[in-house]
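A.B. asks: Dropping the structure in here first, questions after.
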Amino acid sequence: MTWRLSDPIPTDPVPVPDPIPRPQPIPDPPLDPDPHPIIDPPPYA
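This is the structure in structure tokens:
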């Protein structure tokens with residue numbers, strides 16, 4: 032379709048793009064309730 036100068040230019044509302052979401056910071060790992068290091072199980076007797 033060709034537009035003449037006399038025809039009004041259609042002004043469709045330009046959709047506002049969604050804002051770029053900021054990368055969520057990686058949450059710290061939950062604190063281990065048992066701070067002691069993992070000890071190997073004793074060998075079976």
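Per our numbering, the very first residue in the sequence shown carries number 32; after that it's consecutive.
Note that the Cβ used here is the ideal one computed from N, Cα and C, for glycine as well.
Work out the CA separation of isoleucine 51 and threonine 42 for me, nearest whole Å.
C.D. replies: 26 angstroms
A.B. asks: Which residues in the same chain have their Cβ closer than 8 angstroms to the Cβ of proline 72, if we skip the five residues on either side of it in sequence?
C.D. replies: none
A.B. asks: Just how far apart, CA to CA, sit isoleucine 70 and leucine 62?
C.D. replies: 18 angstroms
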